[in-house]
Amino acid sequence: MGGQHVGRVVDKRRQQLIHCVTELSEAGIKFKRRKTDRFWDIKFKDGVLKIPRLLILDRKSSLLSCRISNYTEEDASDITNAIKEEGTSSLTNYTYLTSENSLFLNLIAFEQCQLDCSNDITSYMIFMDNLINSPTDVAYLHYHGIIEHGLGSGAEVADLFNRLCEEVAFDINDSYLSRLSEQVNKYYTDRWNAWRESLKHNYFNHPWAIISFVAAVVLLVLTLAQTFYAVYGYYNPR
24 MGGQHVGRVV DKRRQQLIHC VTELSEAGIK FKRRKTDRFW DIKFKDGVLK IPRLLILDRK
84 SSLLSCRISN YTEEDASDIT NAIKEEGTSS LTNYTYLTSE NSLFLNLIAF EQCQLDCSND
144 ITSYMIFMDN LINSPTDVAY LHYHGIIEHG LGSGAEVADL FNRLCEEVAF DINDSYLSRL
204 SEQVNKYYTD RWNAWRESLK HNYFNHPWAI ISFVAAVVLL VLTLAQTFYA VYGYYNPR
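The letter at position 182 of the sequence shown is residue 205 when you use our numbering, and the numbering goes up by one with no holes.
Rendered as structure tokens:
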């Protein structure tokens with residue numbers, strides 16, 4: 024890269040925007056695929072986190088691992104602008120070029136070195152890294168159509184995100200996902216949401232469980248009514 028630039032000086036410890044998929048789902052948060060080619064355009068409303076589909080293939084054709092030749096500042100700037108204006112379809116022209124580093128890794132590096140550049144790609148990757156902590160998280164997102172991958176296992180997908188976000192200088196407050204993350208975390212910490220999800224999971228995930236729950240409630244109501252009339256009759260004899 025030409026010229027000398029002062030990089031971002033921020034805490035490089037693992038940045039935590041939100042909890043992982045498994046923890047969020049246990050708190051009642053639902054995941055749905057958002058139908059748009061703008062992979063970064065994540066939405067959250069009424070307990071539903073909508074994330075555009077991300078396609079992850081092998082190293083030769085992956086959006087996360089596609090390669091670029093003669094990487095320069097102009098390349099990174101052009102790609103970043105194209106992504107924001109046109110969506111993932113704008114990556115097509117860069118898919119089959121060759122170099123040593125992945126496209127997203129180069130874009131993250133570019134954002135790290137340019138103080139006047141946004142950190143949108145970095146924000147997105149760290150957000151996804153937070154979501155994906157294990158093969159279970161990958162499997163859950165795959166089931167909901169959010170992640171499609173051709174790697175050997177979910178563990179490889181999780182490791183891919185973890186490696187891309189290692190030692191990244193990042194200011195959470197500067198992230199375009201900061202507000203959304205606050206909303207998700209607020210929903211996550213609401214005990215009523217977690218209790219409701221636990222109740223649904225334990226008692227309403229099977230017809231017989233629902234019948235048993237209703238029967239238990241009816242029995243409880245009848246017991247309370249019987250107790251009330253017994254006490255009432257004792258203190259108000261005819």
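All residues carry an ideal CB built from backbone N, CA and C; glycine is no exception.
Computed from a predicted structure; not experimentally measured.
Check, Outcome
"Distance check for V241 and H42, CA to CA, integer angstroms please.", "38 Å"
"Using 8 Å as the cut-off, can you tell me whether the stretch 63–78 makes contact with the stretch 242–250, which would need three or more C-beta pairs spanning the two stretches below that distance?", "no"
"Considering only C-alpha positions, which residue in the set A132, H165, D143 is nearest to Y199?", "D143"
"Report the CB separation of I155 from V44 in whole angstroms; it is logged as a contact under 8 Å.", "7 Å"
"In chain order, which alpha helix (DSSP H) runs of at least 4 residues are fully inside the stretch 156–191?", "158–166, 177–187"
"Taking contact to mean 3 or more Cβ pairs, one atom from each stretch, closer than 8 Å, check whether the stretch 168–178 and the stretch 188–205 are in contact.", "no"
"What first and last residue would you give for the beta strand (DSSP E) that runs through I79?", "77–79"
"Quick check on the DSSP output: the alpha helix (DSSP H) that includes F288 runs from which residue to which?", "Past the boundaries of the shown model lies residue 288; the chain is included only from 24 to 261, so the question cannot be answered."
"Please tell me whether Q137 and T145 are closer than 9 Å, where the distance is taken between their beta carbons.", "no"
"Given L80, which residues of its chain have a CB within under 6 Å of its CB, disregarding the five upstream and five downstream residues?", "G173"
"Who are K73's beta bridge partners in DSSP?", "K55, K66"
"For G177, which option in N196, A248, V161, N185 has the closest C-alpha, if you only look at C-alpha atoms?", "V161"
"Per DSSP, what kind of secondary structure is L154 in: helix, strand or coil?", "helix"
"Just to confirm before moving on: does the CB-CB distance between Y211 and L40 stay below 9 Å?", "no"
"Under DSSP, the alpha helix (DSSP H) around Q206 begins and ends at which residues?", "201–212"
"Can you give the Cα-Cα distance for V71 and R56, rounded to whole angstroms?", "10 Å"
"Helix, strand or coil for Q249? Go by DSSP, reduced to three states.", "helix"
"Under the three-state reduction of DSSP, which class applies to T121: helix, strand or coil?", "For T121, the predicted structure reports a pLDDT of 26, less than 50, and the residue's modelled location is therefore unreliable. A value from the coordinates is still provided. If DSSP states are grouped into helix, strand and coil, T121 belongs with coil."
"Are the CB atoms of F62 and Y147 within a distance shorter than 9 Å?", "yes"
"Could you tell me whether the Cβ atoms of N129 and D152 are closer together than 9 Å?", "no"
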